[in-house]
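Here the structure comes first, spelled out in structure tokens, and everything after it is commentary.
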Amino acid sequence: DAQGRRAALLAEDVFVFVQANREALDAAVDYSRDLGYDYFGFKTLEKSYLLRVNDKIVERPQHMIMRVACGIHCDLESVLESYDLMSRKLFTHASPTLFNAGTPQPQMSSCFLLKMKDDSIEGIYDTLKQCAMISKSAGGIGVAVSNIRASGSYVRGTNGKSNGLVPMLRNFNETARFVGQGGGKRKGAFAMYLEPWHADVFDFIELRKNHGKEQQRARDLFLGLWVPNLFMQRVKGNQDWTLFCPNEAFDQETGKGLMDVWGEDFEKMYTRLEAEGKGRKTIKDQANRKSNQQNLGTIHCSNLCTEIIEYTSADEVAVCNLASIALPSFASDGQPYDFQKLYEVTKVVTRNLNKVIDRNYYPVVEARRSNMRHRPVGLGVQGFADALLMMKLPFESEAAKRLNQDIFETIYFAACEASCELAEVQGPYETYEGSPASQGRLQFDLWGVEPSARWDWAGLKARIARSGLRNSLLVAPMPTASTAQILGNNESFEPYTQNLYVRRVLSGEFVQVNRHLLRDLIQRGLWSEELRVQLIRHNGSVQALDIPDDLKELYKTVWEIKQRVVVDMAADRGAFIDQSQSLNIHMVDANTAKLSSMHFHGWQRGLKTGMYYLRTKAAADAIKFTVEVPDRESEPNSQSATCLGCSA
Numbered sequence: 245d246a247q248g249r250r251a252a253l254l255a256e257d258v259f260v261f262v263q264a265n266r267e268a269l270d271a272a273v274d275y276s277r278d279l280g281y282d283y284f285g286f287k288t289l290e291k292s293y294l295l296r297v298n299d300k301i302v303e304r305p306q307h308m309i310m311r312v313a314c315g316i317h318c319d320l321e322s323v324l325e326s327y328d329l330m331s332r333k334l335f336t337h338a339s340p341t342l343f344n345a346g347t348p349q350p351q352m353s354s355c356f357l358l359k360m361k362d363d364s365i366e367g368i369y370d371t372l373k374q375c376a377m378i379s380k381s382a383g384g385i386g387v388a389v390s391n392i393r394a395s396g397s398y399v400r401g402t403n404g405k406s407n408g409l410v411p412m413l414r415n416f417n418e419t420a421r422f423v424g425q426g427g428g429k430r431k432g433a434f435a436m437y438l439e440p441w442h443a444d445v446f447d448f449i450e451l452r453k454n455h456g457k458e459q460q461r462a463r464d465l466f467l468g469l470w471v472p473n474l475f476m477q478r479v480k481g482n483q484d485w486t487l488f489c490p491n492e493a494f495d496q497e498t499g500k501g502l503m504d505v506w507g508e509d510f511e512k513m514y515t516r517l518e519a520e521g522k523g524r525k526t527i528k529d530q531a532n533r534k535s536n537q538q539n540l541g542t543i544h545c546s547n548l549c550t551e552i553i554e555y556t557s558a559d560e561v562a563v564c565n566l567a568s569i570a571l572p573s574f575a576s577d578g579q580p581y582d583f584q585k586l587y588e589v590t591k592v593v594t595r596n597l598n599k600v601i602d603r604n605y606y607p608v609v610e611a612r613r614s615n616m617r618h619r620p621v622g623l624g625v626q627g628f629a630d631a632l633l634m635m636k637l638p639f640e641s642e643a644a645k646r647l648n649q650d651i652f653e654t655i656y657f658a659a660c661e662a663s664c665e666l667a668e669v670q671g672p673y674e675t676y677e678g679s680p681a682s683q684g685r686l687q688f689d690l691w692g693v694e695p696s697a698r699w700d701w702a703g704l705k706a707r708i709a710r711s712g713l714r715n716s717l718l719v720a721p722m723p724t725a726s727t728a729q730i731l732g733n734n735e736s737f738e739p740y741t742q743n744l745y746v747r748r749v750l751s752g753e754f755v756q757v758n759r760h761l762l763r764d765l766i767q768r769g770l771w772s773e774e775l776r777v778q779l780i781r782h783n784g785s786v787q788a789l790d791i792p793d794d795l796k797e798l799y800k801t802v803w804e805i806k807q808r809v810v811v812d813m814a815a816d817r818g819a820f821i822d823q824s825q826s827l828n829i830h831m832v833d834a835n836t837a838k839l840s841s842m843h844f845h846g847w848q849r850g851l852k853t854g855m856y857y858l859r860t861k862a863a864a865d866a867i868k869f870t871v872e873v874p875d876r877e878s879e880p881n882s883q884s885a886t887c888l889g890c891s892a
């Protein structure tokens, strides 16, 4: 440091391992692979990921990858295997793992899910402290708040009335602003989940509005509704819906409230409370019904990015460690997709994530308790759209839909097999007994879907019946904003948003074209300055350009792809996703009718996550007087609107 003392950048055990194996590790590092990053991927690493001393970068990308491999494993064979696959861009761990693996405080987890400890001052502020400690360690947070009494409800301890959710949530809002992720890498990311029967639901959904009383706003929180099937059925039937205070919506015999039950039990309690007149007039079930953790109790919320579905309680904070597989690495033009290689890499990633659970630093003891008992992990993907373009498969084609299913079936099979192999050596996770998997029911069984004959599911089920699984949950396709930029892939399973975009750096703005489109246009002798100008004029859409129809079909942007197809593909892969998926919806001229139709279609297809973000735009753009791009100077920015932790 500035005073000449040794900077403690590495954990002591990692330092000892590196010193003991320095010759083998040095020989394995291939610095030429640093040249495989494009400029923007490298600048993302430089800005946020590479270790620094006195604000000076002290590691190269290959050093970072080797640090991550050593920080996870500390056994030479596994270290070299993980380093090789990561340095060849076949997969990447999530941002917190890249930040912190191998360091003195290796907080490598991405997502933390909490339930409000209790409807009391002590319970509220204990939960708030947990959120602050987690955010300090770069974790994204989801909190279930449906057990907090509504505004105007009686408070026995003071003989007064409750102020309700909004003032409490403003405290969480200010904590998110004050306690940034990972020491100021970005502001805290808190997602608050409420069930739609709560009497404060209307105030809740207005928290982020830009107008109204400031005392009723909390614009830095992310908001989510935890919706039961009964609500969707009532909306579909144009029936009444009743609101309750959780302090009143309570069964004295069982000690459970509406928050604590799902499915038929929820419907029975809700209709009974309605009949008793305790309320004020005015896809929770899918997440619970299809969860391998349903034996633990009712699941109350998801995380900020909506792909993590895990059990929480007053004494357990759910945690998930993430990694994403680079799907373009297994695709090539004119060749079948390499499912065997995908299977092999998935098994390595599963073993890595399982090891992260044991090597991780936990900011609160409740998080360690939960992770050690249930051992969930989250495997995701990036570059699905790139793989389709490399194989010349339009996003809406039947071949693309088939590939989508086959990829996720392969990932789920390989992850289950790797987890079973770990269980054969180390034993199943602590709460395995009673889970659907322990009863021979895997995720596709919970969806009522028959898998293909590509993999030996019957043989794997027999092995699981003998030895169990080491991990309760395995697959959770997350948004991959930063890490996809590092590896040069499109995000997650998303289609391309546009075929032309602007990258801002200190020297100005660079207009970039989708590299796959540019390659195809050059190969066909179609690329020219005139075509470039037309592409800018049409905001990256090729539909109005004078190019062959097959290219127009192949290079449709997400705005030109039917969103029903996007939802259907999400449902098709959902049978092999035992957590959930970060599903964005893109609509031109969005309105209530379109949104309702989309929500109901997703619900009827059985999705656990109805929607992560809704992206909208007008049908027509403003008139363009010029296509010249003005000069502007700004810092390169690797951040997005997503939680940094969920970028895997």
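The sequence shown begins at 245 in our numbering and counts up by one.
Backbone N, C-alpha and C define an ideal beta-carbon position, used for all residues, glycine too.
The ligand ATP heavy atom lying under 7 Å from the CB of residue i
{"i": "E642", "result": "Absent from the structure shown: the ligand ATP. Ligands present: none."}
Exposure of residue i, with buried meaning 16 or more beta-carbon neighbours within 10 Å
{"i": "V260", "result": "exposed"}
{"i": "L342", "result": "buried"}
{"i": "G315", "result": "buried"}
{"i": "F574", "result": "buried"}
{"i": "I766", "result": "exposed"}
{"i": "G408", "result": "buried"}
{"i": "P607", "result": "buried"}
{"i": "N835", "result": "exposed"}
{"i": "E653", "result": "buried"}
{"i": "F446", "result": "exposed"}
{"i": "K677", "result": "Checking the sequence shown, residue 677 turns out to be Glu, not Lys. Exposed, by the Cβ-count rule."}
{"i": "A264", "result": "exposed"}
{"i": "V592", "result": "buried"}
{"i": "A394", "result": "buried"}
{"i": "G384", "result": "buried"}
C-alpha distance - residue i paired with residue j, whole-angstrom precision
{"i": "P200", "j": "G507", "result": "A question about residue 200 goes unanswered here, because the residues of the chain that appear run from 245 up to 892."}
{"i": "S679", "j": "A268", "result": "43 Å"}
{"i": "H455", "j": "R461", "result": "9 Å"}
{"i": "T590", "j": "A892", "result": "14 Å"}
{"i": "T853", "j": "G846", "result": "8 Å"}
{"i": "L295", "j": "E588", "result": "30 Å"}
{"i": "E694", "j": "F688", "result": "7 Å"}
{"i": "L597", "j": "F335", "result": "12 Å"}
{"i": "K333", "j": "S568", "result": "10 Å"}
{"i": "Q729", "j": "L548", "result": "20 Å"}
{"i": "E661", "j": "R698", "result": "14 Å"}
{"i": "D822", "j": "G671", "result": "21 Å"}
{"i": "D764", "j": "A788", "result": "17 Å"}
{"i": "Y514", "j": "G692", "result": "27 Å"}
{"i": "V273", "j": "C564", "result": "29 Å"}
{"i": "A819", "j": "V621", "result": "17 Å"}
{"i": "L254", "j": "P348", "result": "6 Å"}
{"i": "V312", "j": "R595", "result": "14 Å"}
One or two residues paired with residue i in a DSSP bridge
{"i": "R859", "result": "H830"}
{"i": "D495", "result": "K500"}
{"i": "V719", "result": "L623"}
{"i": "T402", "result": "None, per the DSSP bridge assignment."}
{"i": "I385", "result": "F356 and F434"}
{"i": "N565", "result": "V621"}
{"i": "L744", "result": "V757"}
{"i": "S557", "result": "E560"}
{"i": "R296", "result": "I301"}
{"i": "G468", "result": "Y437"}
{"i": "T336", "result": "S568"}
Integer-rounded CB distance, given that residue j should sit under 8 Å from residue i
{"i": "L358", "j": "Q374", "result": "6 Å"}
{"i": "L633", "j": "H760", "result": "4 Å"}
{"i": "S364", "j": "A420", "result": "Actually they do not touch by this definition, with Cβ atoms about 22 Å apart."}
{"i": "P638", "j": "K500", "result": "Not confirmed; about 49 Å, so no contact."}
{"i": "D362", "j": "A558", "result": "7 Å"}
{"i": "A629", "j": "E450", "result": "That pair is no contact at about 35 Å."}
{"i": "W485", "j": "F475", "result": "7 Å"}
{"i": "Q626", "j": "T498", "result": "Their Cβ separation, rounded to whole angstroms, is 44 Å, which puts Q626 and T498 out of contact at 8 Å."}
{"i": "R714", "j": "L666", "result": "4 Å"}
Proximity test, Cβ basis, 8 Å: residue i and chain B
{"i": "R533", "result": "Going by chain labels, chain B is absent from the structure shown, which holds only one protein chain."}
Whole beta strand (DSSP E) elements within the stretch 603-684, 3-residue minimum:
Taking only runs of at least 3 residues, the beta strand (DSSP E) segments lying wholly in the stretch 603-684 are 621-626.
Continuous alpha helix (DSSP H) assignments of at least 4 residues falling wholly in the stretch 524-554:
Inside the stretch 524-554, DSSP marks whole alpha helix (DSSP H) runs of 4 or more residues at positions 528-533, from first to last along the chain.
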